[in-house]
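As structure tokens, the structure follows; a few thoughts come after it.
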Amino acid sequence: MKKRKMFRGLANVITVVLTAAMLFPILWIMLNSFKPGPEIFAQPITLLPEHFTLEAYTKYLVSNHVFRGYLNSFLVAMGALATGLGLGVASAYGLARYAMRRNRLIMLLFLITQMLPASLMLTPMYLIYSRLGILNTYIAPVLSVATVSIPFVVVTTRPFFLNLPRDLDDAARIDGCNAFTSFLRIMLPIAKPGVITAGALSFIFGWNDLVYNMTFNTKPELRPLTSIMYNLMPKEGVKWNGVMALATVSILPIIVLFLILQDFIVGGLAAGAVKE
Amino acid sequence: MKKKLLAALLSGALAVSLLTGCGGTSGQEAGGASEAQTEEEGQASAQTDNPEKTLTVWHYFADEAQQKFMDQITQEFQDAHPGVTVSCVYVPRDELTKQYTMGAVSGELPDIGMMDNPEMAAYIEMGLCADITEYYHAWDEAGHYYEGPMSSCMSGDKVYGLPQNSNCLEMFYDAPVFEELNLTPPTTWDELLDVCEKLKTAYPDKYPLAFSANNNEEGTFQFMPFLLSAGGSIDKLDSQESIRAISFWKELVDKGYVPRDVISWGQTEVNTQFSSGNVFMQVNGPWNISTMKDEAPDKEWKVCLLPKDKEYASVLGGENFAVTSACKDVELGWEYLSTLCNGKNTAEFCAYVGKFAPRDDGSQYSDVWDKDEALSVFNEGMQYAMPRGPHPKWNEFSGTISGAIQQVLTGEKDPETAMKDAQEAAGKIMN
Amino acid sequence: MLFVLPGLLYMLLLIGYPVIYNLVISLQDVNVMTIRNKEAVFVGLQNYRYLFKEDMIWQVMKQTFTFTFWCIVFQLSLGLLLAVFFNQKFRMAKPARGLLLVIWVVPMTVVALIFKFMFQTDGGLINTVLMNLHLISQPIQWLVDAKMAMISLIITNCWVGIPFNMILLSAGLNGISPEIYESASIDGANGFVKFFRITLPLLRPAIMSVLIMGVIYTFKVFDLVYVMTSGGPNNATELLSTYSYRLSFTEYQFSRGAAAANVLLLCLVVLAFLYVKMMRKDEVM
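Shown next as structure tokens:
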């Protein structure tokens, strides 16, 4: 028991040091957002802001419609999350649950759709959206981000369904469930940790997307936070503290959200659920 | 099984082509009235439901001052043309390039677009710009343009756009440090080496000079003045003079006068390092003046002509505007273009943001280019500024130059070999 | 099949066209001079022949594989290590796990910008710290030296990738019933035995998933390289993705750009094919 306690103490210390080191660049971004522009590059480096200022926040946030940006980012991320989970989880379940000889091929297809770099997908996708008339709407980036999240969800949640006992499904069927209700009522809740993790990550795909939002939305009102940030880093003169400030405000809500939801996201709920 | 899969694939592809085949209406959504407009001006919005009378303008003016000016001109234009709504949208430069490229395929373009002058020839070749030759020749201000900037808007005899501003590269230096060490701004390469030596001795931890030797157009742009000053030319990259120019850059880096990091620095980073005081001289353009005044108001700096080898030289930068081929009402587009680029607006814009009018009547509207200490130096330099291209394959060509610079500065190749190889590659591209 | 179909159709509809589009373009001659012509000229494999005649594509491919290989090795092993470590029951484990994921939320362009500045040779944060700790006597030329530039990119990409791997593997670990470990303990198995006999085999499907996604994502990394080094110094960090982008969007050699992208695609298809082959019978069911 004593050994156990020692381990925990040591583990806690290691964790704190490690996490602090890993998170340092983010802290660095935040600290820099409180410095005036030139101080960010001053040599020798100042760790804490020498001339503390909120200038970056007052100057860049309001004028760039950050609140609208939050809303846009959120809508795109939620849209991509819903599409990605809805279609992805079902596919993953289907692939895991039913013995189909073409499973390998389907998996391969899902994977292949991920393989072109986004930059090369832009022109043809642009053509499609242009014909459909959905450029400069939320739909275009949502559809595009979902093409990233669907295969991701399929690949990452499939192992969870693989671990599920088939008897459960069979039992549900006997109780009068059809394939869909059995999936929704029985299988899905059990695979929850995997689904939630995949969902949280899909949300971030949407929240972090720059290239699709930038390319398919040139309307200033529809720009998400990432686009606004990108607008502050043009070749002609990067607004350093502005970028840092914007990065800070775009990261903060996610930090809060993750800390609140981390039990869900990392699972934990599941531990007892998978019993035969 | 494979057959079924193939069938599924084909039907998928078919469905896409069906989807994309029909539907194809909805052109460029007008981008809507920008928020500023709807707030400030109510009366024009009554007309916005007429889609024929909407103009979308894309520019990459990142600066607030520049954006404000665009809004002013938009206002002026809307007042003069009741019933027309103009929406000015800022799109970052890299993104704009991408949008134009995709526009060449999809046809989705703004009505008016801003273009960097070395890129313009490619856009004209790609069919992105509407032919405005007739309108141009009928315009009473047509004769005012300088040849260099204007040539970038033309292909053969045809006119595809108007130059809106020009700039060139000179040298900024840290005035207090120069005073402290009793240095005078160098005028020749030898003097430059001398000044660098003194700065390095006094401040071994810092760097005397910086320029951008990036792996892209910026590197080529910054190297051009040195190349030209040595008597080299982009047609003969392997000449003794061209090799001398690149060797000079190598010398500056090897002696520790210029940080090795410059091969990853863009011009912005060079300016940031200069205004943070890590570097005492920088090769850069007048667009940094407002940035520095804004971000580092306490910094004391001055500008001098780039030191020369054989002769003073600089490189011409600047932006053009064009009516795109997607503009349905070219006449209206031209109206906007000629308002934006008329003598008064061009001069006021350039004076306001610290650039130069690409036309001979600038001084009629503003005297800032003679009066302002820094701008007057750039103004003197403008007469030595040579344009890049114009050539539709300029970017590809430019890549060989910036590539050669990187090879030399990293020591991968010696100057002779690098420039010889670059000349060979350039020859292949241009044929 | 009913479960799979909607997702699959969606992907094929949206992605099928781009894939075919790129394939077609790569077989034509589309560049800045010819894009105006309505009818593109079919040139067969000429663009591919052109690419492979130059040394550049081989160099770029080699660099792409090097980058991917080391990124995967580090982020997967360290990710797994952290996942197992944080799966132990101690107070800081859960908050740390949540916090680390925040790294993944920072937009890639910002990550690239901030690391570019931390990697500056003179006055960069990393060199300053290393010098002050007396670990190095001369500043390391991170982004200037060809080899170091690649290492800088790998470090940065791993910084983003480790939490991502960790979180996915943690979720996988949670799926393993604690009873299995308990019975193993009763049988007298120690930590190492448990890890290699129970954790690894049971985690295999999850590891394989993370592996293949990681390979795909790393192989086509773009923003990071584009902002941090834009392929430099001296093309030492040019990857297939940035190379094809440069061909298409800077040099306006659309067909060659598409051809380079298809080379990337082909490499990944081969890797994915191996992955699917390696999926065990029981995993496919």
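Chains as they are written, first to last, in our numbering: chain E, 21 to 296; chain B, 14 to 444; chain G, 2 to 286. For each residue, glycine too, the CB sits at the ideal point set by N, CA and C. Here the structure is a predicted model, which means the values were calculated and not measured.
### Task
Would you tell me roughly how many angstroms separate the C-alpha atoms of Ala439 (chain B) and Thr413 (chain B), rounded to the nearest one?
The residue given as residue 439 (chain B) occupies position 426 in the second sequence. The residue given as residue 413 (chain B) occupies position 400 in the second sequence. Each residue's Cα considered, the two are about 7 Å apart.
### Message
Considering Cα atoms alone, identify which of B:Gln112, B:Gly120 and B:Thr87 is closest to Arg37 (chain G).
### Response
Position 36 of the third sequence, counted from the first residue, corresponds to residue 37 (chain G). Of the listed residues, the one whose Cα sits closest to Arg37 (chain G) is B:Gly120.
### Message
At the 7 Å Cβ level, is Met14 (chain B) part of the contact set with chain G, yes or no?
### Response
For the purposes of this step, residue 14 (chain B) is identified with residue 1 of the second sequence, where counting begins at 1. Since pLDDT at Met14 (chain B) reaches only 39, below the 50 mark, its modelled position is unreliable, and no value is offered.
### Query
At which residue ranges does the region 175-256 of chain B contain complete alpha helix (DSSP H) runs of 4 or more residues, listed in the order of the chain?
Runs found: 188-193, 202-215 and 230-242.
### Message
Could you check whether the Cβ of Thr197 (chain B) sits closer than 7 Å to any Cβ belonging to chain G?
### Response
Reading the second sequence from its first residue, position 184 is the one you call residue 197 (chain B). Under the Cβ distance rule, Thr197 (chain B) does not count among the residues neighbouring chain G, no pair being separated by less than 7 Å.
### Message
What residue range does the beta strand (DSSP E) around Phe250 (chain G) cover?
### Response
Here residue 250 (chain G) refers to the residue found at position 249 of the third sequence. DSSP places Phe250 (chain G) outside any beta strand (DSSP E), giving it a letter other than H or E.
### Presumed contact (8 Å Cβ cut-off) between Tyr244 (chain G) and Phe223 (chain G), rounded CB distance
Stepping through the third sequence from its first residue, residue 244 (chain G) is reached at position 243. Stepping through the third sequence from its first residue, residue 223 (chain G) is reached at position 222. Not confirmed; about 10 Å, so no contact.
### Task
Ignoring anything shorter than 3 residues or poking outside the region 99-165 of chain E, list the beta strand (DSSP E) runs there in chain order.
With a minimum length of 3 residues, no continuous beta strand (DSSP E) run stays inside the region 99-165 of chain E.
### Task
Apply the 10 Å Cβ neighbour rule to Tyr49 (chain G) and answer buried if 16 or more other Cβ atoms are within range, or exposed otherwise.
Mapped onto the third sequence, residue 49 (chain G) falls at position 48. Buried: at least 16 other Cβ atoms inside 10 Å.
### C-alpha distance - Cys363 (chain B) paired with Phe44 (chain E), whole-angstrom precision
Mapped onto the second sequence, residue 363 (chain B) falls at position 350. Mapped onto the first sequence, residue 44 (chain E) falls at position 24. Taken atom to atom, the span from the alpha-carbon of Cys363 (chain B) to that of Phe44 (chain E) is near 43 Å.
### Query
Going along chain E, which residues have a C-beta under 8 Å from Val104 (chain B)?
Taking the second sequence and counting its residues from 1, the one referred to as residue 104 (chain B) is at position 91. By Cβ distance, chain E contributes Thr238.
### Task
Please state if the CB of Val336 (chain B) and the CB of Ile125 (chain B) are separated by a distance shorter than 7 Å.
Reading the second sequence from its first residue, position 112 is the one you call residue 125 (chain B). Reading the second sequence from its first residue, position 323 is the one you call residue 336 (chain B). Val336 (chain B) sits close to Ile125 (chain B), with the two beta carbons spaced by under 7 Å.
### Task
Jot down the residue ranges of each uninterrupted alpha helix (DSSP H) in the region 75-127 of chain G, minimum 4 residues, whole runs only, in chain order.
The qualifying runs are 94-102 and 109-119.
### Query
Nearest-angstrom Cα distance between Ser169 (chain E) and Met133 (chain B)?
Stepping through the first sequence from its first residue, residue 169 (chain E) is reached at position 149. Stepping through the second sequence from its first residue, residue 133 (chain B) is reached at position 120. Taking the straight line from one Cα to the other gives about 38 Å.
### Task
State yes or no: is the beta carbon of Asp434 (chain B) nearer than 7 Å to at least one beta carbon in chain G?
To locate residue 434 (chain B), count along the second sequence from 1; it is residue 421. No, its Cβ sits nowhere closer than 7 Å to a Cβ of chain G.
### Message
When you compare the CB positions of Asp383 (chain B) and His157 (chain B), do they come within less than 7 Å of one another, or not?
### Response
Numbered from its first residue, the second sequence carries residue 383 (chain B) at position 370. Numbered from its first residue, the second sequence carries residue 157 (chain B) at position 144. Contact flag unset, no.
#### Entry: Per-residue contacts from Ser179 (chain B) into chain D (C-beta, under 9 Å)
Considering every chain present, this structure includes no chain D. Its protein chains are E, B and G.
### Query
If you run the structure through DSSP and keep just helix, strand and coil, what is His72 (chain B)?
In the second sequence, residue 72 (chain B) corresponds to position 59, counting from 1. His72 (chain B): strand per DSSP, three-state reduction.
### Query
Can you tell me the Cα-Cα spacing of Thr146 (chain B) and Lys219 (chain B), whole angstroms?
Within the second sequence, numbered from 1, the residue matching residue 146 (chain B) stands at position 133. Within the second sequence, numbered from 1, the residue matching residue 219 (chain B) stands at position 206. Going by the C-alpha atoms only, they are around 53 Å apart.
### Query
If you draw a straight line from the C-alpha of Ile26 (chain G) to the C-alpha of Ala259 (chain G), how long is it?
The residue given as residue 26 (chain G) occupies position 25 in the third sequence. The residue given as residue 259 (chain G) occupies position 258 in the third sequence. Taking the straight line joining both Cα atoms gives about 7 Å.
### Message
Using a 10 Å radius around the Cβ and a threshold of 16 neighbouring Cβ atoms, would you call Leu105 (chain E) buried or exposed?
### Response
Locating residue 105 (chain E) in the first sequence gives position 85, where the first residue counts as 1. Leu105 (chain E) comes out buried.
### Query
Under three-state DSSP, which class holds Cys354 (chain B)?
Counting from 1 along the second sequence, the entry for residue 354 (chain B) is found at position 341. In this structure, DSSP gives Cys354 (chain B) a state outside helix and strand, which the three-state scheme calls coil.
### Message
Val270 (chain G) and Met127 (chain E) - do their beta-carbons sit closer together than 7 Å?
### Response
The count along the first sequence starts at 1 and reaches residue 127 (chain E) at position 107. The count along the third sequence starts at 1 and reaches residue 270 (chain G) at position 269. In this structure, Val270 (chain G) does not lie closer than 7 Å to Met127 (chain E) by Cβ.
### Task
Please determine if the region 226-238 of chain E and the region 80-98 of chain B are in contact, where contact requires at least 3 C-beta pairs separated by less than 8 Å.
No contact exists between the region 226-238 of chain E and the region 80-98 of chain B.
### Message
Quick check: Ser222 (chain E) and Leu101 (chain E), are their CB atoms within less than 7 Å of each other?
### Response
Counting from 1 along the first sequence, the entry for residue 222 (chain E) is found at position 202. Counting from 1 along the first sequence, the entry for residue 101 (chain E) is found at position 81. Closer than 7 Å, so yes.
### Message
Contact criterion: CB-CB distance below 7 Å. Does Ala117 (chain B) meet it with respect to chain G?
### Response
Against the second sequence, residue 117 (chain B) aligns to sequence position 104. Yes, Ala117 (chain B) lies at the interface with chain G (some Cβ there is under 7 Å from its Cβ).
### Query
Would you call the region 101-113 of chain G and the region 181-198 of chain G in contact, with 3 or more CB pairs under 8 Å?
No: fewer than three Cβ pairs fall under 8 Å.
### Task
Please state whether DSSP places Asp129 (chain B) in a helix, a strand or coil.
Residue numbering aside, residue 129 (chain B) sits at position 116 when the second sequence is read from its first letter. Of the three classes helix, strand and coil, the one that applies to Asp129 (chain B) here is strand, per DSSP.
### Query
Along chain E, in chain order, which residues have C-beta atoms closer than 7 Å to that of Tyr18 (chain G)?
Start at 1 with the first residue of the third sequence, and residue 18 (chain G) comes out as number 17. Listed by position along chain E, the residues whose Cβ is nearer than 7 Å to that of Tyr18 (chain G) are Pro144 and Ile148.
#### Entry: Which residues DSSP lists as bridging Glu305 (chain B), in chain order
In the second sequence, the residue the question calls residue 305 (chain B) occupies position 292. Note on residue identity: the sequence assigns Met, not Glu, to residue 305 (chain B). DSSP, once it has assigned bridges, lists no residue as partnering Met305 (chain B).
### Message
Going by the DSSP bridge assignment, what does Cys101 (chain B) pair with across the sheet?
### Response
For this step, residue 101 (chain B) is matched to residue 88 along the second sequence. B:Val70.
### Message
I'd like to check one pair, Val211 (chain G) with Leu169 (chain G): are the Cβ atoms closer than 7 Å?
### Response
Here residue 169 (chain G) is taken as the residue at index 168 of the third sequence, counted from 1. Here residue 211 (chain G) is taken as the residue at index 210 of the third sequence, counted from 1. Result yes, Cβ atoms of Leu169 (chain G) and Val211 (chain G) sit closer than 7 Å.
### Query
What does a CB cutoff of less than 6 Å around Ile442 (chain B) pick up in its chain, not counting 5 residues either side in sequence?
Here residue 442 (chain B) corresponds to residue number 429 of the second sequence, with the count starting at 1. So the list reads Lys406, Glu409 and Phe410, once near-sequence residues are dropped.
### Whether Ile247 (chain B) touches Pro428 (chain B) by CB criterion (7 Å)
Residue numbering aside, residue 247 (chain B) sits at position 234 when the second sequence is read from its first letter. Residue numbering aside, residue 428 (chain B) sits at position 415 when the second sequence is read from its first letter. Not in contact: Ile247 (chain B) and Pro428 (chain B) (Cβ atoms no closer than 7 Å).
### Message
Using only the alpha-carbon positions, how far apart do Leu131 (chain E) and Val173 (chain E) sit?
### Response
The residue you call residue 131 (chain E) lines up with position 111 of the first sequence. The residue you call residue 173 (chain E) lines up with position 153 of the first sequence. Those two C-alpha atoms are separated by around 11 Å.
### Query
Quick one, which of B:Ser100, B:Ala75, B:Met83 and B:Asn180 has its alpha-carbon nearest Leu68 (chain B)'s?
Counting from one through the second sequence, the residue named residue 68 (chain B) turns up at place 55. In terms of CA proximity to Leu68 (chain B), B:Ser100 leads the group B:Ser100, B:Ala75, B:Met83 and B:Asn180.
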